[in-house]
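Notes for the one structure printed next.
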Amino acid sequence: MQSEFKSRRPDNMQEKKFKRTVEDFICEHCGAAVKGNGYTNHCPKCLWSKHVDKNPGDRAEKCGGMMRPVRIEQEGGKMMIVHECEKCGFVRRAELRRQDDPAEAIEVAKKADF
Ligand SMILES: [Zn+2]
Ligand SMILES: [Zn+2]
C-alpha cells in the first residue's frame, strides 16, 4: 500500500553529476561517523539512508529526506535493504554490504514481519 498524495517530483532540474562521490558523513539518524567510499549510501550502524541520489552516487536529488530501512529482500543471492523516504515516499533498494551491521539488518527483517 502506498500513499500517493504527495508529489514525487517537486522539480525536474537536470544536473549532470554522474560521478562517484567520496565523502565521509555523519548519520543523521544515529549520529555515527560513516567513512564514505563512494558507494556507501546508507549508515552501516542503523542502515538508514538519505534521499540525495537520483541515480546511485550522483547526489542530484533535492529531497534530502531520511530514508528508513523498511525491509530486507533477497535478490539473486544478494541481500537488499529496501529504503523508503520519510519525506516523499520514494522507495529504493540497496545492497546490504559487508560493513553493515547484521544485527540491525535482522531487526529490520523482524520488524517487517508482522
Ligand atoms: Zn546511522
Ligand atoms: Zn525523498
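Heads up: take any position in the sequence shown, counting from 1, add 576, and you land on the working numbering. Glycine residues also receive a C-beta, built at the ideal position from the N, C-alpha and C atoms.
From the DSSP secondary-structure annotation, give me the bridge partner or partners of residue i.
| i | result |
| --- | --- |
| I648 | I657 |
| V610 | F601 |
| K621 | For K621, which the question treats as bridged, DSSP gives no partner whatsoever. |
| K626 | M642 |
Along the alpha helix (DSSP H) that carries residue i, what are the first and last residues, could you check?
| i | result |
| --- | --- |
| E680 | P678 to A688 |
What do you get for residue i, buried or exposed, if any count of 16 or more other CB atoms within 10 angstroms of its CB means buried?
| i | result |
| --- | --- |
| C576 | There is no way to answer for residue 576, as the model of the chain reaches only from 577 to 690. |
| I602 | exposed |
| K568 | Limits of the chain in this structure are 577 at one end and 690 at the other, which puts residue 568 out of reach. |
| D600 | exposed |
| A679 | exposed |
| E604 | exposed |
| N631 | exposed |
| I648 | buried |
For the beta strand (DSSP E) that residue i lies in, which residues bound it at each end?
| i | result |
| --- | --- |
| V667 | V667 to E671 |
Residues proximal to ligand 1 by C-beta, any heavy atom closer than 6 angstroms: C603, H605, C606, A608, C619, K621, C622 and W624
Within 6 angstroms of ligand 2: residues by beta-carbon to any heavy atom: H627, C639, G641, C661, K663, C664 and F666
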